[in-house]
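Peer 1:
2 protein chains.
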Amino acid sequence: MRTNYCGTINTRYLNQIVTLYGWVHRRRDHGGVIFIDLRDREGIVQIVCDPENANTFQIAEKIRNEFVLKITGIVRPRPEGTVNLALQTGEVEVLVDTIEILNPSLTPPFQMDEENLSEAIRLEHRYLDLRRPVMQKNLRLRHKVTMAVRSFLDQQGFIDVETPMLTKSTPEGARDYLVPSRVNDGHFFALPQSPQLFKQLLMVSGFDRYYQITRCFRDEDLRADRQPEFTQIDIETSFLNENQIMALMEGMIRNLFREAIGVDLPAPFPRLSHEEAMFRYGSDKPDLRIPLVFTELTDLMQEVPFQVFRDAAKKPDGRVAALRIPKGSELSRKEIDDYTHFVAIYGAKGLAYIKINSLEKGMEGLQSPILKFLPEPVVKAVLERSGAQEGDLVFFGADKSKIVNDALGALRVKIGHERGLIDSEWKPLWVVDFPMFEWDEEENRWKALHHPFTSPADGHEDLLVTEPGKALSKAYDMVLNGVEIGGGSVRIHRQDVQSKVFNALNISEGEAREKFGFLLNALQYGAPPHGGIAFGLDRIVAMMTGAESIRDVIAFPKTQRAQCLLTHAPNIVEEKQLRELHIRLRNPKEVISWSY
Amino acid sequence: MRTNYCGTINTRYLNQIVTLYGWVHRRRDHGGVIFIDLRDREGIVQIVCDPENANTFQIAEKIRNEFVLKITGIVRPRPEGTVNLALQTGEVEVLVDTIEILNPSLTPPFQMDEENLSEAIRLEHRYLDLRRPVMQKNLRLRHKVTMAVRSFLDQQGFIDVETPMLTKSTPEGARDYLVPSRVNDGHFFALPQSPQLFKQLLMVSGFDRYYQITRCFRDEDLRADRQPEFTQIDIETSFLNENQIMALMEGMIRNLFREAIGVDLPAPFPRLSHEEAMFRYGSDKPDLRIPLVFTELTDLMQEVPFQVFRDAAKKPDGRVAALRIPKGSELSRKEIDDYTHFVAIYGAKGLAYIKINSLEKGMEGLQSPILKFLPEPVVKAVLERSGAQEGDLVFFGADKSKIVNDALGALRVKIGHERGLIDSEWKPLWVVDFPMFEWDEEENRWKALHHPFTSPADGHEDLLVTEPGKALSKAYDMVLNGVEIGGGSVRIHRQDVQSKVFNALNISEGEAREKFGFLLNALQYGAPPHGGIAFGLDRIVAMMTGAESIRDVIAFPKTQRAQCLLTHAPNIVEEKQLRELHIRLRNPKEVISWSY
Numbered sequence: 001m002r003t004n005y006c007g008t009i010n011t012r013y014l015n016q017i018v019t020l021y022g023w024v025h026r027r028r029d030h031g032g033v034i035f036i037d038l039r040d041r042e043g044i045v046q047i048v049c050d051p052e053n054a055n056t057f058q059i060a061e062k063i064r065n066e067f068v069l070k071i072t073g074i075v076r077p078r079p080e081g082t083v084n085l086a087l088q089t090g091e092v093e094v095l096v097d098t099i100e101i102l103n104p105s106l107t108p109p110f111q112m113d114e115e116n117l118s119e120a121i122r123l124e125h126r127y128l129d130l131r132r133p134v135m136q137k138n139l140r141l142r143h144k145v146t147m148a149v150r151s152f153l154d155q156q157g158f159i160d161v162e163t164p165m166l167t168k169s170t171p172e173g174a175r176d177y178l179v180p181s182r183v184n185d186g187h188f189f190a191l192p193q194s195p196q197l198f199k200q201l202l203m204v205s206g207f208d209r210y211y212q213i214t215r216c217f218r219d220e221d222l223r224a225d226r227q228p229e230f231t232q233i234d235i236e237t238s239f240l241n242e243n244q245i246m247a248l249m250e251g252m253i254r255n256l257f258r259e260a261i262g263v264d265l266p267a268p269f270p271r272l273s274h275e276e277a278m279f280r281y282g283s284d285k286p287d288l289r290i291p292l293v294f295t296e297l298t299d300l301m302q303e304v305p306f307q308v309f310r311d312a313a314k315k316p317d318g319r320v321a322a323l324r325i326p327k328g329s330e331l332s333r334k335e336i337d338d339y340t341h342f343v344a345i346y347g348a349k350g351l352a353y354i355k356i357n358s359l360e361k362g363m364e365g366l367q368s369p370i371l372k373f374l375p376e377p378v379v380k381a382v383l384e385r386s387g388a389q390e391g392d393l394v395f396f397g398a399d400k401s402k403i404v405n406d407a408l409g410a411l412r413v414k415i416g417h418e419r420g421l422i423d424s425e426w427k428p429l430w431v432v433d434f435p436m437f438e439w440d441e442e443e444n445r446w447k448a449l450h451h452p453f454t455s456p457a458d459g460h461e462d463l464l465v466t467e468p469g470k471a472l473s474k475a476y477d478m479v480l481n482g483v484e485i486g487g488g489s490v491r492i493h494r495q496d497v498q499s500k501v502f503n504a505l506n507i508s509e510g511e512a513r514e515k516f517g518f519l520l521n522a523l524q525y526g527a528p529p530h531g532g533i534a535f536g537l538d539r540i541v542a543m544m545t546g547a548e549s550i551r552d553v554i555a556f557p558k559t560q561r562a563q564c565l566l567t568h569a570p571n572i573v574e575e576k577q578l579r580e581l582h583i584r585l586r587n588p589k590e591v592i593s594w595s596y
Numbered sequence: 001m002r003t004n005y006c007g008t009i010n011t012r013y014l015n016q017i018v019t020l021y022g023w024v025h026r027r028r029d030h031g032g033v034i035f036i037d038l039r040d041r042e043g044i045v046q047i048v049c050d051p052e053n054a055n056t057f058q059i060a061e062k063i064r065n066e067f068v069l070k071i072t073g074i075v076r077p078r079p080e081g082t083v084n085l086a087l088q089t090g091e092v093e094v095l096v097d098t099i100e101i102l103n104p105s106l107t108p109p110f111q112m113d114e115e116n117l118s119e120a121i122r123l124e125h126r127y128l129d130l131r132r133p134v135m136q137k138n139l140r141l142r143h144k145v146t147m148a149v150r151s152f153l154d155q156q157g158f159i160d161v162e163t164p165m166l167t168k169s170t171p172e173g174a175r176d177y178l179v180p181s182r183v184n185d186g187h188f189f190a191l192p193q194s195p196q197l198f199k200q201l202l203m204v205s206g207f208d209r210y211y212q213i214t215r216c217f218r219d220e221d222l223r224a225d226r227q228p229e230f231t232q233i234d235i236e237t238s239f240l241n242e243n244q245i246m247a248l249m250e251g252m253i254r255n256l257f258r259e260a261i262g263v264d265l266p267a268p269f270p271r272l273s274h275e276e277a278m279f280r281y282g283s284d285k286p287d288l289r290i291p292l293v294f295t296e297l298t299d300l301m302q303e304v305p306f307q308v309f310r311d312a313a314k315k316p317d318g319r320v321a322a323l324r325i326p327k328g329s330e331l332s333r334k335e336i337d338d339y340t341h342f343v344a345i346y347g348a349k350g351l352a353y354i355k356i357n358s359l360e361k362g363m364e365g366l367q368s369p370i371l372k373f374l375p376e377p378v379v380k381a382v383l384e385r386s387g388a389q390e391g392d393l394v395f396f397g398a399d400k401s402k403i404v405n406d407a408l409g410a411l412r413v414k415i416g417h418e419r420g421l422i423d424s425e426w427k428p429l430w431v432v433d434f435p436m437f438e439w440d441e442e443e444n445r446w447k448a449l450h451h452p453f454t455s456p457a458d459g460h461e462d463l464l465v466t467e468p469g470k471a472l473s474k475a476y477d478m479v480l481n482g483v484e485i486g487g488g489s490v491r492i493h494r495q496d497v498q499s500k501v502f503n504a505l506n507i508s509e510g511e512a513r514e515k516f517g518f519l520l521n522a523l524q525y526g527a528p529p530h531g532g533i534a535f536g537l538d539r540i541v542a543m544m545t546g547a548e549s550i551r552d553v554i555a556f557p558k559t560q561r562a563q564c565l566l567t568h569a570p571n572i573v574e575e576k577q578l579r580e581l582h583i584r585l586r587n588p589k590e591v592i593s594w595s596y
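So the protein sequences, as listed, match chains A and B. Reading the first sequence from the start, the letters are residues 1 to 596 in this note's numbering. Reading the second sequence from the start, the letters are residues 1 to 596 in this note's numbering.
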């Protein structure tokens, strides 16, 4: 049996006989001696096979990369000049006594220390890709994270309760994955988009504190860095208000960062209202590592000759704002053009700017195509409000608020990163005071900004009926470095309030009963005040590891086409299976199986 | 904010002011005073509302069962004669200062302390059923169990890795739940029956020790106590042999029973070969709490006049065995008839017996319809071998071995329970040395007794080809009190051995590549020797709680028709959803939605 993991051998074990299992990371012949770097999950140790040990040497000659070995030998110091302090085992080596080849290996399609591999190759041979030390590290950190979360929550009296995977559609905006029922002809289960309703029911049941680290499913187009199945740290508590819940959850995340990666997050996290976040950063998940802040100019531009600004300033849903870029006057024409194209993605029709070449020379010291359309006092006010310094540049956004916020908000992040205007610190915050609803232009109706079970703010119940757009909610998002890592709310615990919200959302009583009847029933039988939150585990672990994609912290992820390149899922199935499920294909002829 | 859970108030808190949240378990008016039993997850405490506190009393008068209250009051001793030591809080009560009704409740369909509720009613109102203290206890124990398992495995270096839920069918005998793919027309995911292949791949990846507490899915007819989705403690390790794995897993289960319910299981667990288990108990999951053991008689009955016995004894797959029932001669004709009907379920054509009324009188002291067909020396040998005492009864089974084993095995358990021949202790054991294959009479081919990735026993590789029926495997089952709570094996880590097994199972190379190509590939690139086990969490927790059904340890279970009576899943979906998934119903007209 193994005495040690390879990666743990060091000078403490000098002159001891060790038995190791591992994979051949690399084999070198050097001066008639064979050196093997033997790798296991804890690291790599150097194995030396001396030709004097003829039997063993004969075996060693057959060994190739990724063979699985059992070796026994004695730990000795490396000869002077060959010590490698970059390795934890770098001061020692193991002189082999016996080698056993437990399993040979074909030549792998890539080396375990190769970089810049194509992701398709990695996913196809995921069992090899996962041998790479970086992937080992990522998944082990993920384990550390879940253990830290679990022990924190356990200590706080939270109970891990499993909720169903085969359940009923909980319409929360996204498309459901459906599972046809064999026993119930024509009926379908849905895979959960979240355990939202079940966790609320558990509060009605009096469990008081619930958590679950659970899989959720959304059948959406996989833009950006999404997966069809993802993992949520799902939490719900009773009898706490939003501040108490936020304090508890902050504590959990702080504990997590300390335990998993030794980072101390600030206490308490700063809070921003949704309104202020949009106002200052154009985003409801601002990256506070970037010190740039919007300058509000809407009031200033009401009467300026420049029509683009004036029109935007006068529109009820319009906004004019500026973003000051320190030392931005060094930006080239080309760079500014590129940023102009960039903001166009967000609907901005242009990107006006002023370069502050000199502050002393007044208007003369400024450089801008729009100067001639702006009165001098307005320009002065812009410079003052934005705190512009010599050498700075000020970008302008003028359009509907949403476009200004999206465009300048994205520009803020892009320039922050590109120009190094970013602290390398961790900057968490809470965004609070969200509106209950947002207007859906396409469907011409109010939609829930969080979900329809979110409680209105105290005193905002009547607004649900009179001015839904002004009603604020008891929702809160935890944002870290510009990424929303968690979101939740105090829920509605009274049936009359829930009905008002369904009304505002134009959900009829019949529809509400059909879809959420069990929740409405439950609210009538003594539902406690309750609230909770859900964190995106994949995202948190990806941020901690510095992974570029959540695919690098998921053992067996899917591609953007929702396929598993390793197992070839999804795949075709037998006609008999479909018959048993009472379904048939619409386009049976177009289906072609994957093959190896 | 709450100062205490209701159930924790005791004499330590005398004269302290407490704030409690909870549900009205019961309200009594007694001598002008209102008494409320306030319940939360930790228990019940008595609240006293004195009419002198007029405001509060007025509120208290409105209170009904299951209202949610916030109360503040002072802890005082109960008046003499009203102390209730059955309650943890029974020496004290809380004299109310203020009451707030946080939410009223309709009159619930049942009381929280009602017993013998119909399961349908309970499942329909699961959020109320889960308020019942027994259900709270069950789910909290479940949490304790998973935490104990997790911390044990974490300490032993196991890493929790999540495997996909949307995956490819892993044909292990049961029917898959399928999930149509929207992006890939005509293709389907399958929900995992177990993470078997993924955990083996993780071993190939060098994770060395993996675990996961994970949901598995089988679309089978829900006979007995099964659920469409169930939870498995899934474990895999590298470089350990079967004895080392069993020792580790025994340690885990022992630790679990100690931590969760304070029970010390024996160390080590006894081991029985599969053959011996069948021989002695007629079962591969014998309940060792029952001291009854089969007596082998096949050799004795080769030439007896009694044709039923003689034929069974002479058949190559036949068996004659006896089961001695201590004090069984008191069984009535009617009781014996009932047992005869019982064994008929298992295919037994009769249930011969001998009552030993007196041992001294020889054949005269015996009572049996079959005595006249059995020579005296044979009868004497039966009595000797079975160790029959005066007052005992001996039952006989004679048929194909399978029928004898099933029938007498079931009878042994039934009589053991009915006649109190059962220790109340916990009796775990390992069953080992399973055959690799069993003959499937219907399909006329060998089938894997465990699964096709199970390693043959050392030296049995050639038997895979020459005599598959004689090949033993490195599989092991953990059995507790007659229930298989876990099962696993050392796996095949060499591709040539895996091919031999597929051959024996009559799985063609093409089929194997199609279904398991990724595993076969993985075995070629340095797969380590590995093995593992999976435990049924629902079953273990049900046994620990003494629940009659696993449904009592699952928060939101499904019925035998695989339906959720609470949420009405599965249900019908919109035509648009089916169109997006490229499927249609076979019998669209027959579908009727559930309704409330």
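All C-beta atoms, glycine included, are put in the ideal place defined by N, C-alpha and C. Source: prediction; values computed, not measured.
With C-beta atoms as the reference, is A/Lys168 less than 7 Å away from B/Thr567?
Peer 2: In this structure, A/Lys168 sits near B/Thr567, with a CB-CB distance shorter than 7 Å.
Peer 1: Do you know offhand how far A/Ser332's Cα is from A/Ile354's?
Peer 2: Distance between the alpha carbons of A/Ser332 and A/Ile354 is about 13 Å.
Peer 1: Have a look at B/Phe230 and B/Arg215 and give me their C-alpha separation to the nearest angstrom.
Peer 2: 6 Å
Peer 1: Taking just the CA atoms, how far does B/Asp399 sit from B/Lys380?
Peer 2: 22 Å
Peer 1: If you draw a straight line from the C-alpha of A/Glu66 to the C-alpha of B/Glu259, how long is it?
Peer 2: 41 Å
Peer 1: Rounded to the nearest angstrom, how far is the Cβ of A/Ile415 from that of A/Ile325, given a contact under 8 Å?
Peer 2: 6 Å
Peer 1: Which of the three DSSP states is assigned to B/Gly469 in this structure?
Peer 2: helix
Peer 1: Quick one: is B/Met252 near chain A, going by C-beta distance under 7 Å?
Peer 2: Taking 7 Å as the CB threshold, B/Met252 stays off the interface with chain A.
Peer 1: Against chain A, with Cβ distances strictly below 7 Å, would B/Gln524 count as a contact?
Peer 2: With 7 Å as the cut-off, B/Gln524 counts as an interface residue toward chain A.
Peer 1: Exposed or buried, which one is A/Asn241 when buried takes at least 16 other CB atoms within 10 Å?
Peer 2: exposed
Peer 1: In whole angstroms, what separates the C-alpha of B/Tyr596 from that of A/Arg513?
Peer 2: Summary for B/Tyr596: the model assigns pLDDT 46, below 50, so the residue's position carries little reliability; its value from the coordinates is reported in the next sentence. Using only the alpha carbons, I get a separation of about 8 Å.
Peer 1: Assuming the contact rule is C-beta atoms closer than 8 Å, A/Ala388 and A/Ile356 should be a hit. Round their C-beta distance to whole Å, please.
Peer 2: 5 Å
Peer 1: The alpha helix (DSSP H) spanning A/Pro133 covers which residue range?
Peer 2: Segment 133 to 155, the alpha helix (DSSP H) holding A/Pro133.
Peer 1: If you follow the beta strand (DSSP E) that B/Asn103 is in, where does it begin and where does it stop?
Peer 2: Counting along the chain, the beta strand (DSSP E) containing B/Asn103 begins and ends at 92 to 103.
Peer 1: Do B/Gly409 and B/Ser283 have their C-beta atoms closer together than 7 Å?
Peer 2: Against a cut-off of 7 Å, the Cβ pair of B/Ser283 and B/Gly409 comes out as a contact.
Peer 1: Roughly how many angstroms lie between the CA atoms of B/Ser654 and B/Leu393, to the nearest whole one?
Peer 2: Outside the shown range of chain B (1 to 596) lies residue 654 of chain B, about which nothing can therefore be said.
Peer 1: State whether the region 48 to 64 of chain A contacts the region 90 to 107 of chain A, with contact taken as three or more CB pairs (one from each stretch) at a distance under 8 Å.
Peer 2: yes
Peer 1: Would you identify the three-state DSSP class for B/His460, choosing helix, strand or coil?
Peer 2: coil
Peer 1: At 8 Å on the CB atoms, spell out the chain A contacts of B/Asp225, in chain order.
Peer 2: Per Cβ cutoff of 8 Å: no residues; B/Asp225 is ~17 Å from chain A at best.
Peer 1: By the criterion of Cβ-Cβ separation under 9 Å, what are the contact partners of A/Phe152 in chain B?
Peer 2: Chain B residues near A/Phe152: none, gap ~12 Å exceeds 9 Å.
Peer 1: Going by DSSP, name the residue or residues bridged to B/Pro428.
Peer 2: B/Leu480
Peer 1: Our contact map puts A/Leu202 next to A/Glu236 with C-beta atoms below 8 Å; I'd like the distance itself, whole angstroms only.
Peer 2: 7 Å
Peer 1: In this structure, does DSSP put A/His568 in helix, strand or coil?
Peer 2: coil
Peer 1: Check the C-beta distance from B/Arg78 over to B/Val24 and give it rounded, since I have them as a contact under 8 Å.
Peer 2: Not a contact, Cβ separation roughly 19 Å.
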